[in-house]
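With full-length UniProt numbering applied, the sequence shown closes on residue 172, and no number is skipped along the way.
The C-beta atom is built at its ideal place from N, Cα and C for all residues, glycine as well.
Following: one structure in structure tokens, then a few remarks.
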Amino acid sequence: MKIRPEKYVDRASIRALLEDAFPSPLEANLVEKLRETEAYLPELALVAELESGEVAGFLLLTKASIAQENQNQEILVLAPLAVLTSKKHQGIGSKLVEAGITSARKARFPGISVLGHASFYSRFGFQKAKIYGIEAPFPVDEEHWMVLGFPGQNLEGVAGKLIYPQPFLEME
């Protein structure tokens, strides 16, 4: 299996994967809308490709910001992360998260926010967002609202409300 940035030819497979992994097409529609925004960075849209060529997993990191008095602080949002139902529990999601973290560091972003399972994301160093003083823009379970800050990348001492890219706010 290899982790690589998505290609245009992967888009139909990614949509099918998202529709398989989630109970509705919301996430698939979200990804399509995010690709049309400045928040989308092609190098941070990652697929897990099996040796057969099948796309078995997908992770998207998009640009967001933390509202500050003088200047907003950039951060990434991890959503969605998906693995084909038939390929779950094989480490594909973990490999995607690890590759996403590596790519985010190389791109010199200060951190990543995620709304997800604490037991899964804490394995990669994610902590409760309240430790950083980063608030969700909508009501969330504090246990699942998490941030991974990269040392030396200026996320320490940054507090405020996360501003998601517009397509997240339009999910229905």
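Beta-bridge pairing of residue i - partner residues as DSSP gives them
i: V47; result: R4 and F58
i: M146; result: V114 and K128
i: I75; result: A64
i: G160; result: I134
Per-residue DSSP class, three states only, for residue i
i: E69; result: coil
i: Y121; result: helix
i: T80; result: Per the sequence shown, the amino acid found at residue 80 is Pro instead of Thr. Here P80 sits in strand by DSSP.
i: P42; result: strand
i: E98; result: helix
i: A28; result: helix
i: E36; result: coil
i: S52; result: coil
Beta-carbon separation (whole angstroms), residue i vs residue j, contact threshold 8 Å
i: F150; j: G111; result: 6 Å
i: L44; j: L17; result: About 17 Å; that fails the 8 Å criterion.
i: Y164; j: P137; result: 6 Å
Are the segment 66-77 and the segment 153-165 in contact at 8 Å, needing three or more beta carbon pairs? Counting Cβ pairs under 8 Å, three or more are found: they touch.
Below 8 Å, can you find three or more Cβ-Cβ pairs linking the segment 63-70 to the segment 18-29? Segments in contact, no.
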